[in-house]
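Worksheet: one structure, shown below.
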Amino acid sequence: MKLKRTVSVLLAGLLIVGCGSGDGGESGDAGDSVVVTIESDLNTMDHHVATDGTSFIMQSMCIGGLAALDKEGQPIYDLAENWEVSEDGTVYTFYIRDGVNWSNGTPLTAHDFVYGWRRLNDPELASEYAFILETIGVKNAAAAHKGEVPLEDMGVEAVDDKTFVVTLDQPCGFLLPLMSFPSFFPLNQEFFEAHEATYAQSIDDLLYCGPYTFTKWEENTEYTFTKNPEYWDAANCTDDMDEVVFRFVSESQSAALAYQQGDIDAVKLSGDLVDQYKDDPGFTQRLEGFAWRVSINHQQESGIFDNLNFRKALTLSIDRDVIANDVLKDGSVAAVGFIPMEFAFGPDGTDYRETAGDLLTFDVEAAQAALEEAKKELGVDNFSVTLLYETDSEAPGKVAINLQSMWKENLGIEVTLLPKTKKERLQLMNNLDYDLGLTRWGPDYADPQTYLDLYKSDISGYNGAYFNDEFNALMNKAETGEDSTDLEKRWADMVEAERMLLDDVAMIPVFQMGSAMLINPNITGIEFHSAGVDSYRHIKREN
Amino acid sequence: MSKYVLKRVLISILTLLAILFVLFLMLDYMPGSPFNDEKLTAAQKALLYAKYGLDQPFFIRFGKYVGAVLRGDLGFSYVLNKNKAVADMIKGPLVVSLKVGAMGMLLGTALGLLLGIAAALKHNTWVDTLCSVVSILGVSVPSYVFALLLAYFVGFKLGWIPILYSSKNVLRSFIGPMLALAMSPMASVSRFTRSEMIDVLGSDYIQLVESKGVRQNNVILKHALRNTLIPIITIMGPILVNLLTGSMVVEKVFGVPGIGTMMVTAIQSNDYNVTIACAFVYSAMYIVMMLIIDILYGIIDPRIRVAKEGS
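Next up, the structure:
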């Protein structure tokens, strides 16, 4: 009988545990709270070591920079109330807003920015984003990161408590929007030193000065942000949600079901769910700044990629519209150049792509003619190449299969597919151990330079060891040379440089990534930025 | 008995050490690096490797790691939760996974026993057929399919259980994952219980007990079930392995913040210390379970203990 009793007790226990108490409080119902899913988890709240989108989004919620981005991605004042740029464009003076305090009551000062920027560049911290100081050209940033000069010699200075001065080696046309990027956020030295061992590892080990404060940190599950009444612009944020909850769900299907049930207000859809939800009233598509391309290994042993006609045949024979519209169907668009669209805007405010025009065509006849030339020049009749792609997400695989069939059908080239995990793909490409590799670039700032720099021969990796003297000279002229002070000339140089790369088929652009989301139609104020960090800082619910 | 237990414990500790070594070696050969950003220059990578001591030779790193583990220090995360102590990181998820896993296993085993006994007693009737169908389904359908079906029908269509885990309502959130995880143990246990029970019920000593006029209930519970349990305890090990691997996917479907989800992410991002810690915890759970099973054997069937002590 003992056993029977044991089994009954066990079952009863399970039932109690299973049916348990609880008020069933699904967070999405509350009128003053909004729940947004994130498909990758929070990695760190330390804005100087963060490298991923999720972390950047959450840091932007509760800290802040000298500037923020408006809906169109243009810089607006945030913690700085004004800024001045010297005539030669190399000295930026930021005036910190009066009356801005950290969440512990300490006033925010220019010293917090100096301390933060120095820490970002500290070789001991070894931040993966330290390079960005060098990118904007902060004086001595590169030397200080290598340890050749002390961090104090960097071109950042607090003239007084409210004046922060940045000195550059050369003008930088995209510095102001970057001031909204978390790597450039301030850090209070006194607080940091008091919490150094555990800094940013709990809500109490952080200081806030943004529109929200971080109020509940449930690891691997939920991250809750509550409106900050002390935010300098709080008076203008009265309509914003009182509480924003980021919910980590890696399984897109479960997240979509919870959205349909009303537990969640915004969720990103994986490609296979797009067809299922495309008629939902909350279905939204957005274009991202990520541009996918086939990287060519210019050092490949057989030497076939040295032949311009062979490279031309490859790029001319791809029907990019089919790949974007029929294969991916997630809002992705066919590439018309190396630089994506709706991404960077010139000195006259025009989209870079409009100025630079469409540079890629699909022309099977021209492709076949180029291939015939290549065969003659190389003395080769049959070509076979490998195409490396990553399996971490499904889009690259779909694209790779279609590239394979297009090259086979239009040119008769045998393509062997090499599926690898992303990290393996990166390693193989870094070691130049590949023929063709499907890869992408996520831009850090809204300027063509972030893309074009990849093909300057002094930048390592991922360009397939491409080398073009003429291109290098042009880029140097635009970035640090005679055109660097004239924004219009610099822009024209960039357009020319892109054309140069594509004429030479340095790489094969394929598509610009889009993504699909379900967003509760009552929710407004989510701002997507193709370069920079998406903003949930002014999210609202309309009833 | 104590000599037997001591020997088992020692073997377990040695196995764990060997596992740690193999894990370390495998991670060393895993392609990629924790620092995968395309923008990193070689010099910066070198800086990061030096910072985390990854530039040192294998055996030095392994020696240091084992030393640290013995002091309870599992190192720091490089990617998942940058610079956070791994020991602090895995505590919460481990407890969650253990709770869900234990609930699934207990429920599955209990139901499996009941189904198996029922099927054996009603041998060759519709009850038996029904039990067989249920156990075949449970064995052949992977737990994540059950998880998806539960999430869709019971969670979404009927709205009886939450689709996603919520810390505001932990217990209700556990129902889905627990049911999904219980299927496989239930199926295995019921199959084994049924066949063992049929064998045992047909054996001479049961016929003797019955002929002595012992009541049916007592025959089953005191005599038949005890002898049925030995082979069932044997399969608890494989069941546990099934449960552990199944929990990774089931946790993902229901958004349960468990150690399975963490381990998969850690492997994908080459977060060495987190991967080793998670894999080690999984191995330790398995080995401890095997140890318990070994000891249980000794208790249930003294012949095994005697034989092993003798050898």
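So the sequences go chain by chain: R and Z.
So the first sequence is numbered by our numbering: it starts at 1 and just counts up by one.
So the second sequence is numbered by our numbering: it starts at 544 and just counts up by one.
In this text, a Cβ means the ideal position worked out from N, Cα and C, and glycines have one as well.
(message) So, with DSSP's three-state summary, where would you put R/K540?
(response) Looking at R/K540 - three-state DSSP - the assignment turns out to be strand.
(request) Closer than 9 Å by beta-carbon distance: list the chain R residues that pair up with Z/N813, in chain order. (result) What Z/N813 touches in chain R: K423.
(request) Using beta-carbon positions only, say whether R/T106 and R/I96 come within less than 8 Å of one another. (result) 8 Å or more divides the Cβ of R/T106 from the Cβ of R/I96.
(message) Along the region 242 to 276 of chain R, where does the CB come closer than 9 Å to a CB of chain Z? Name the residues.
(response) Going along the region 242 to 276 of chain R in chain order, one finds R247, F248, V249, S250, E251, Q253, S254, A255, L257, A258, Q260, Q261, D263 and I264 with a Cβ nearer than 9 Å to chain Z.
(request) Taking C-beta pairs closer than 8 Å, name the residues in chain R that Z/L591 reaches, listed in chain order. (result) Going along chain R in sequence order, the residues near Z/L591 (Cβ under 8 Å) are A126 and E128.
(message) Whole angstroms are fine: how far does the CA of R/E482 sit from the CA of R/K489?
(response) Rounded to whole angstroms, R/K489 and R/E482 show a C-alpha spacing of 9 Å.
(message) Within the continuous beta strand (DSSP E) that includes R/M546, where are the two ends?
(response) Because chain R spans 1 through 543 in this model, residue 546 of chain R falls outside it and cannot be assessed.
(message) I need the straight-line Cα distance from R/T37 to R/D319, nearest angstrom please.
(response) The alpha-carbon atoms of R/T37 and R/D319 are separated by roughly 34 Å.
(message) Less than 8 Å between CB atoms is the rule here; does R/G22 satisfy it with respect to chain Z?
(response) The predicted position of R/G22 is uncertain, since its pLDDT is 36 and thus under 50; a value taken from the coordinates is nonetheless stated next. Contact with chain Z is found for R/G22, since one of that chain's Cβ atoms lies less than 8 Å from the residue's Cβ.
(request) Go through its chain and collect everything with a Cβ distance to Z/V697's Cβ below 6 Å, but skip five positions before and after it. (result) Hits under 6 Å: W703 and I704.
(message) So the candidates are Z/L783, Z/I782, Z/K550 and Z/V807; which of them puts its Cα closest to the Cα of Z/M791?
(response) Considering only alpha carbons, the answer is Z/V807.
(request) Could you name the residues that DSSP lists as bridge partners for R/G437? (result) BP columns for R/G437 point to R/S295 and R/L388.
(request) Let me know if R/M406 comes out buried or exposed under the rule of 16 or more other beta-carbons within 10 Å of its beta-carbon. (result) R/M406 is classed as buried because its beta carbon has at least 16 other beta carbons within 10 Å across all chains shown.
(request) Tell me, please, whether the region 503 to 518 of chain R touches the region 315 to 332 of chain R by the rule of three or more beta-carbon pairs shorter than 8 Å. (result) The region 503 to 518 of chain R vs the region 315 to 332 of chain R: in contact.
(message) Just verifying my parser: in three-state terms, what is the DSSP assignment at R/D351?
(response) Strand.
(message) Check for me: the alpha helix (DSSP H) holding R/W407 runs from which residue to which?
(response) Residue range A395 to L411 is occupied by the alpha helix (DSSP H) that includes R/W407.
(message) Could you check whether the Cβ of Z/V796 sits closer than 8 Å to any Cβ belonging to chain R?
(response) Yes, contact with chain R.
(request) Look at R/S530 and R/E288 and say whether their C-beta atoms are less than 8 Å apart. (result) Result yes, Cβ atoms of R/S530 and R/E288 sit closer than 8 Å.
(request) Note the first and the last residue of the continuous alpha helix (DSSP H) segment covering R/I323. (result) In the DSSP assignment, R/I323 falls outside any alpha helix (DSSP H) and carries neither an H nor an E.
(request) Determine, using beta carbons only, whether R/T547 comes closer than 8 Å to chain Z. (result) Nothing can be reported for residue 547 of chain R: it is not among the residues displayed for chain R, which extend from 1 to 543.
(request) Determine, using beta carbons only, whether R/P123 comes closer than 8 Å to chain Z. (result) It does: the Cβ of R/P123 has a partner Cβ on chain Z nearer than 8 Å.
(request) Taking C-beta pairs closer than 7 Å, name the residues in chain R that Z/M805 reaches, listed in chain order. (result) Chain R residues near Z/M805: N220.
(message) I'd like the ranges of any alpha helix (DSSP H) spanning at least 4 consecutive residues and lying wholly in the region 685 to 754 of chain Z.
(response) Listed in chain order, the alpha helix (DSSP H) elements of length 4 or more contained wholly in the region 685 to 754 of chain Z are 686 to 692, 713 to 744 and 747 to 754.
(request) Specify, as a first and last residue, the run of the alpha helix (DSSP H) that Z/F797 falls within. (result) L768 to F797 is the span of the alpha helix (DSSP H), which, as asked, contains Z/F797.
(request) Spell out whether any CB of chain Z is found under 8 Å from the CB atom of R/N43. (result) So yes, R/N43 belongs to the interface.
(request) Determine the chain R residues that contact Z/S733 at a beta-carbon separation under 7 Å, and present them in chain order. (result) Counting only Cβ-Cβ distances below 7 Å, Z/S733 has no contacts in chain R at all, with the closest Cβ about 14 Å away.
(message) Please list, in chain order, the chain Z residues whose beta carbon lies closer than 8 Å to that of R/V49.
(response) Chain-ordered, the chain Z residues with CB closer than 8 Å to the CB of R/V49 read K625 and N626.
(message) Which same chain residues end up closer than 6 Å to Z/M729 when comparing Cβ atoms and leaving out the 5 residues on each side of it in sequence?
(response) Excluding residues within five positions, the ones whose Cβ falls inside 6 Å are G651, L654, G655 and G681.
(message) Give me the chain R residues within the contact set of Z/L658, using Cβ-Cβ distance strictly less than 8 Å, ordered along the chain.
(response) Contacts between Z/L658 and chain R, judged by CB atoms closer than 8 Å, are missing: the closest CB pair is about 12 Å apart.
(message) Using C-beta distances below 7 Å, list every residue in its chain close to R/V364, excluding the 5 sequence neighbours before and after it, in chain order.
(response) These residues qualify, in order along the chain: S317 and N410.
(message) Pull the bridge partners of R/P419 from the DSSP assignment, please.
(response) In DSSP, R/P419 forms a bridge with R/Y389.
(request) For Z/A723, return the contacting residues in chain R, with the cut-off set at a CB-CB distance below 7 Å. (result) Going along chain R, no residue has its Cβ under 7 Å from Z/A723, so there is no contact; the nearest lies around 12 Å.
(message) Check whether the region 794 to 813 of chain Z and the region 635 to 642 of chain Z are in contact - that is, three or more C-beta pairs closer than 8 Å.
(response) Remark: three or more beta-carbon pairs, one from each stretch, lie closer than 8 Å, so the region 794 to 813 of chain Z and the region 635 to 642 of chain Z are flagged as touching.
(request) Compare the C-beta of Z/Y840 against all C-beta atoms of chain R and say whether one is closer than 8 Å. (result) It does not; no Cβ of chain R falls within 8 Å.
(request) Would you identify the three-state DSSP class for Z/V807, choosing helix, strand or coil? (result) For Z/V807, the secondary structure class from DSSP, reduced to helix, strand or coil, is helix.
(message) Can you pull the chain Z neighbours of R/D46, defined as C-beta to C-beta under 8 Å?
(response) Per Cβ cutoff of 8 Å: K625 and N626.
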